[in-house]
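Engineer: One structure coming up, written as structure tokens, with questions to follow.
Chains as they are written, first to last, in the numbering used here: chain A, 18 to 470; chain B, 18 to 470.
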């Protein structure tokens, strides 16, 4: 037979079973966290009409999109989950209850140039709260709490959620008479971390900002300190611009509710240099950086916007949302050695080894285990004992249960703890209780384990 | 602004939040059941090289596939999860531990003519056990148990798993000297339910089968009764063909282990008319029909095959697997009114209504709820009381908690049970316990509820 060499396309992540299990645990953490905050799961098609997906059009999106025809239809694969959400809300406006809180975890597609750590198919894990006409600031205050718990539930601890408010920036540039240039200025200021304040000043002046205004900008973005210190410094600018004042009020509200939402100060920082590139955002904006790997960039970003679905419906639909690019995050965590090597990634909690020709007793015991919520596999292959044990070893299965003539006649099972090597004869009920307790303990393991600094 | 009319492509299922929640519960049931049997989750790309996906080539597949180019690449969307599994196992052969047990739940794509109940994007929920060279019959015996528990966990009870063994059929036709025609004959016999035995006899004779052989075939496929009765009848044919005898042994083994696997006889039937169209299958084959809706056809099918990945690798990789087409099943269950209308599909277990300007106490209580695993939403919008209650009503949220000045000063929360209308002041801990207990009870609800006959 002519054979075709098996391969997976470059830029597409396909994991071996053990890392896949870690990835699943991360997905599960996100589903659980998002659900705890009352977000409803949503699932939209991967394929949409190209006209719908490209309603906004232009730029990188159009170049990267997977677009093709089938019959007469001009189709494309979704490149994010926001455009499908906008379509969904516009299409089902009359059937939804607002504020509409949804999470969506799904694959999106971008035909980027393939390079290390860049993916053409990747998971986005999004939440959004959409208001009908209005949306209270408390929704913006809640987001850092969700980000905090999402990462903590995976085992990540050393991260900081950076928050700013676009109204503060817009208002500030208005005060300086630079309202028209604010988008350009924000892009320049965004480079602060990379090029430093002097180069930012040069670039600003080069782009036509007066020396005096450039000085004011640098003074402004140099405001740092505790959240309270930054807020106090911002008070000094109050009263000169309405948008600015509103932004400060909003930021103060977000900070105020942090403690009630259970977010410790060390995981949160007001940062006046954060702008998020998109013009789309109009209020609070979020970025999240890993303290030990700032070079990775933001691992969870988002913000408040005023107009989700203007391309599809004549209704003001403000919202706030964030997105985690889980495929890339998983990749960089692996690169940096962040995975918990002790996490049990075995496909089963226990391997039941029948030592008799009749498999019925082993199958009955496995059935009992499953009824108690324990994952159990009966190893029915006709192999040497050593090969059977090697199967359990390779898959790192925590327990092996032997069922031979002796055990069957005595009504017991022999349980081997594969970690300690201990072996004991137990009643079936005792064995189930033991393995179940161990399973519940192992379920507490988190996929990410940071190295102690 | 020029607006584009929002729409979702025809043949693509996109659900409103409440049905989506039911769909999620069904997905969760399958993930849990598959995991309990020691299957490891797998995730492969939606896009593969067209050359890989079409290795087998030919027929309907090629016509229906979504195929397109991006740059120089000839790409296609997967049309099932079996071909990607074959590629995966061939590609990672050296890294996998056999028997390799994997489940995969994912969307697949077929550009079929759009019609009611036909989908172009749909979920397949597959399990397969792959052996390296050999695979024990006990794996085939396990499958009905998995099907049984998968459907039971969703709430479906009135279904029957029909099982046959291809070796019995092949062996029987060999005995009749009809080995060469067996594929054609099986296709004709497959029509028995639709056209009846007389027409089947006519068609067989028309296709060149002798009158006598046609009579034997009809006598054979008329064998019915309890599993034991069918097996006894098959014993009468023993000793004339090796393949046949092996098939009877295998079928007897599958039936023998049913009780140990916890499958009641009423959900299982040996059925000699089942062949499954594909030549691919070589041993046990499975179909599952809804007793009250046989017209829907099989809702879970599969079987034993000998050569998973022959197109990609020079290794014999036998396996056994089944697939549930969840999107179609969900659609027909809805059409037939099978959904549990009492199932709570609310996005949250409790809506916390702050009755003060300061939301901090409400947020703190919601944080406490979430720490206890209860889904909680703080309703922070500035609306009239009636509008807030209407939000809870519309979403069918089971509990509403009020937190006003009085409650805050007394250290209590007021809990309203939205089903009964009862309202009581409780300590925060009591309230958490109450709502949590109710949530755990509601979690026992199953998405499917059959009408009592």
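All C-beta atoms, glycine included, are put in the ideal place defined by N, C-alpha and C.
Using DSSP with H/G/I as helix, E/B as strand and the rest coil, what is residue 182 (chain B)?
Structural biologist: Along the second chain, one-based indexing puts residue 182 (chain B) at 165. Strand at residue 182 (chain B).
Engineer: Which of helix, strand or coil does DSSP assign to residue 117 (chain B)?
Structural biologist: The residue labelled residue 117 (chain B) in the question sits at position 100 within the second chain. Of the three classes helix, strand and coil, the one that applies to residue 117 (chain B) here is strand, per DSSP.
Engineer: Just to confirm the assignment, what range does the beta strand (DSSP E) spanning residue 84 (chain A) have?
Structural biologist: By one-based count along the first chain, residue 84 (chain A) stands at place 67. Unbroken beta strand (DSSP E) run through residue 84 (chain A): 84–87.
Engineer: So which of B:164, B:212 and B:255 has the shortest CA-CA distance to residue 189 (chain B)?
Structural biologist: Residue numbering aside, residue 189 (chain B) sits at position 172 when the second chain is read from its first letter. Out of B:164, B:212 and B:255, B:255 has the C-alpha closest to the C-alpha of residue 189 (chain B).
Engineer: Can you tell which of B:360, B:416, B:278 and B:377 has the C-alpha that lies nearest to the C-alpha of residue 38 (chain B)?
Structural biologist: Along the second chain, one-based indexing puts residue 38 (chain B) at 21. Selected option, being the one with the closest Cα: B:360.
Engineer: What residues are listed by DSSP as bridge partners for residue 123 (chain A)?
Structural biologist: One-based indexing of the first chain puts residue 123 (chain A) at position 106. DSSP, once it has assigned bridges, lists A:141 as partnering residue 123 (chain A).
Engineer: Step through the CB atoms of chain B and report whether any lies within less than 9 angstroms of the CB of residue 166 (chain A).
Structural biologist: Taking the first residue of the first chain as position 1, residue 166 (chain A) is located at position 149. For residue 166 (chain A), the answer is yes, since a Cβ of chain B falls inside 9 angstroms of its Cβ.
Engineer: Would a check of beta-carbon distances place residue 132 (chain B) closer than 9 angstroms to chain A?
Structural biologist: Locating residue 132 (chain B) in the second chain gives position 115, where the first residue counts as 1. False, the Cβ-Cβ gap to chain A never drops below 9 angstroms.
Engineer: Give a yes or no on whether the minimum CB-CB distance between residue 29 (chain A) and chain B is below 9 angstroms.
Structural biologist: Position 12 of the first chain, counted from the start, is the residue given in the question as residue 29 (chain A). Closer than 9 angstroms: yes.
Engineer: For residue 163 (chain B), which residues in the same chain have their Cβ closer than 6 angstroms to its Cβ, ignoring the five residues on either side in sequence?
Structural biologist: Taking the first residue of the second chain as 1, we reach residue 163 (chain B) at position 146. Counting only Cβ-Cβ distances below 6 angstroms, and skipping sequence neighbours, we find 54.
Engineer: Rounded to whole angstroms, what is the Cα-Cα separation between residue 451 (chain A) and residue 374 (chain A)?
Structural biologist: For the purposes of this step, residue 451 (chain A) is identified with residue 434 of the first chain, where counting begins at 1. For the purposes of this step, residue 374 (chain A) is identified with residue 357 of the first chain, where counting begins at 1. Computed Cα separation, rounded: 27 angstroms.
Engineer: Taking just the CA atoms, how far does residue 464 (chain A) sit from residue 297 (chain B)?
Structural biologist: Position 280 of the second chain, counting from 1, holds the residue named residue 297 (chain B). Position 447 of the first chain, counting from 1, holds the residue named residue 464 (chain A). When rounded, the distance between both Cα atoms is 39 angstroms.
Engineer: Quick one: is residue 310 (chain A) near chain B, going by C-beta distance under 9 angstroms?
Structural biologist: In the first chain, residue 310 (chain A) corresponds to position 293, counting from 1. By this cut-off, residue 310 (chain A) is not an interface position.
Engineer: With 16 other CB atoms within 10 Å as the buried threshold, where does residue 308 (chain A) fall?
Structural biologist: On the first chain, residue 308 (chain A) is found 291 positions in, with the first residue counted as 1. Exposed, by the Cβ-count rule.
Engineer: Residues of chain A with CB under 7 angstroms from residue 284 (chain B), in chain order?
Structural biologist: The residue you call residue 284 (chain B) lines up with position 267 of the second chain. What residue 284 (chain B) touches in chain A: nothing, since even the nearest Cβ is about 15 angstroms away.
Engineer: What first and last residue would you give for the beta strand (DSSP E) that runs through residue 318 (chain B)?
Structural biologist: Residue 318 (chain B) sits at position 301 when you count from the first residue of the second chain. Counting along the chain, the beta strand (DSSP E) containing residue 318 (chain B) begins and ends at 318–322.
Engineer: Around the Cβ of residue 212 (chain B), are there at least 16 other Cβ atoms within 10 angstroms (buried) or fewer (exposed)?
Structural biologist: Counting from one through the second chain, the residue named residue 212 (chain B) turns up at place 195. It counts as exposed.
Engineer: Pull up the distance between the alpha-carbon of residue 229 (chain B) and that of residue 258 (chain B), whole angstroms please.
Structural biologist: For the purposes of this step, residue 229 (chain B) is taken as residue 212 along the second chain, with counting starting at 1. For the purposes of this step, residue 258 (chain B) is taken as residue 241 along the second chain, with counting starting at 1. Annotation: residue 229 (chain B) to residue 258 (chain B) spans about 19 angstroms, alpha carbon to alpha carbon.
Engineer: Exposed or buried, residue 440 (chain A), counting other C-beta atoms within 10 Å across all chains shown (16 or more means buried)?
Structural biologist: Looking up residue 440 (chain A) in the first chain gives position 423. Per the 10 Å Cβ criterion, exposed.
Engineer: With respect to the beta strand (DSSP E) encompassing residue 393 (chain A), which residues constitute its N-terminal and C-terminal limits?
Structural biologist: On the first chain, residue 393 (chain A) is found 376 positions in, with the first residue counted as 1. Residue 393 (chain A) -> beta strand (DSSP E) spans 393–395.
Engineer: Nearest chain A C-beta to residue 481 (chain B) closer than 9 angstroms, yes or no?
Structural biologist: The first residue shown for chain B is 18 and the last is 470, placing residue 481 (chain B) beyond what the model contains.
Engineer: Under 7 angstroms between beta-carbons, which chain B residues line up against residue 364 (chain A)? List them in chain order, please.
Structural biologist: To locate residue 364 (chain A), count along the first chain from 1; it is residue 347. Contact of residue 364 (chain A) with chain B by beta-carbon distance below 7 angstroms involves 55, 56, 57 and 118.
Engineer: Quick one: residues in its chain with C-beta nearer than 6 angstroms to the C-beta of residue 282 (chain B), no 5 flanking neighbours on either side, listed in chain order?
Structural biologist: Locating residue 282 (chain B) in the second chain gives position 265, where the first residue counts as 1. Answer for residue 282 (chain B): no residue qualifies.
Engineer: Check the DSSP bridge columns for residue 440 (chain A) and list the partner residues they point to.
Structural biologist: Locating residue 440 (chain A) in the first chain gives position 423, where the first residue counts as 1. The partner list for residue 440 (chain A) (beta bridge, DSSP) reads A:433.
Engineer: Under 9 angstroms, Cβ to Cβ, is there at least one residue of chain D near residue 68 (chain A)?
Structural biologist: Absent from the structure is chain D; the protein chains it does hold are A and B.
Engineer: Name the two residues that bound the continuous beta strand (DSSP E) containing residue 30 (chain B).
Structural biologist: Numbered from 1 along the second chain, position 13 holds the residue referred to as residue 30 (chain B). Counting along the chain, residue 30 (chain B) falls outside any beta strand (DSSP E), and DSSP gives it neither H nor E.
Engineer: Whose Cβ in chain B lies nearer than 8 angstroms to the Cβ of residue 411 (chain A)?
Structural biologist: Indexing the first chain from 1 puts residue 411 (chain A) at position 394. 114, listed in chain order.
Engineer: Report the partner residues of residue 291 (chain A) according to the DSSP bridge assignment.
Structural biologist: As a first step, residue 291 (chain A) must be located in the first chain, where it is residue number 274. In DSSP, residue 291 (chain A) forms no bridge with anything.
Engineer: With a cut-off of 8 angstroms on the beta carbons, I'd call residue 100 (chain A) and residue 179 (chain A) a contact; round off their distance for me.
Structural biologist: Counting from one through the first chain, the residue named residue 100 (chain A) turns up at place 83. Counting from one through the first chain, the residue named residue 179 (chain A) turns up at place 162. With a Cβ gap of about 26 angstroms, residue 100 (chain A) and residue 179 (chain A) do not count as contacting.
Engineer: With a threshold of 9 angstroms between beta carbons, is residue 244 (chain B) in contact with chain A?
Structural biologist: Residue mapping note: residue 244 (chain B) aligns to position 227 of the second chain, counting from 1. Contact with chain A is absent for residue 244 (chain B), since none of that chain's Cβ atoms lies less than 9 angstroms from the residue's Cβ.
Engineer: What distance in whole Å lies between the Cβ atoms of residue 303 (chain A) and residue 161 (chain A), which are believed to be in contact at a cut-off of 8 angstroms?
Structural biologist: By 1-based counting over the first chain, the position of residue 161 (chain A) is 144. By 1-based counting over the first chain, the position of residue 303 (chain A) is 286. The pair is a contact, with the Cβ atoms about 7 angstroms apart (cut-off 8 angstroms).
Engineer: Go to residue 410 (chain B), then tell me how far its alpha helix (DSSP H) extends in each direction, as first and last residue.
Structural biologist: Against the second chain, residue 410 (chain B) aligns to sequence position 393. 402–411 is the extent of the alpha helix (DSSP H) around residue 410 (chain B).
Engineer: When you compare only the Cα positions, how much space is there between residue 208 (chain A) and residue 222 (chain A)?
Structural biologist: Start at 1 with the first residue of the first chain, and residue 208 (chain A) comes out as number 191. Start at 1 with the first residue of the first chain, and residue 222 (chain A) comes out as number 205. Their backbone Cα atoms lie some 15 angstroms apart in a straight line.
Engineer: Which word fits residue 402 (chain A), buried or exposed, when buried means at least 16 other C-beta atoms lie within 10 angstroms of its C-beta?
Structural biologist: Start at 1 with the first residue of the first chain, and residue 402 (chain A) comes out as number 385. So residue 402 (chain A) ends up on the exposed side.
Engineer: Give the single residue among B:449, B:252 and B:182 whose Cα lies nearest to the Cα of residue 389 (chain B).
Structural biologist: As a first step, residue 389 (chain B) must be located in the second chain, where it is residue number 372. Of the candidates B:449, B:252 and B:182, the one whose C-alpha sits nearest the C-alpha of residue 389 (chain B) is B:449.
Engineer: Would you call the CB atoms of residue 136 (chain A) and residue 29 (chain A) closer than 9 angstroms?
Structural biologist: Taking the first chain and counting its residues from 1, one reaches residue 136 (chain A) at position 119. Taking the first chain and counting its residues from 1, one reaches residue 29 (chain A) at position 12. Taking 9 angstroms as the Cβ cut-off, residue 136 (chain A) and residue 29 (chain A) qualify as a contacting pair.
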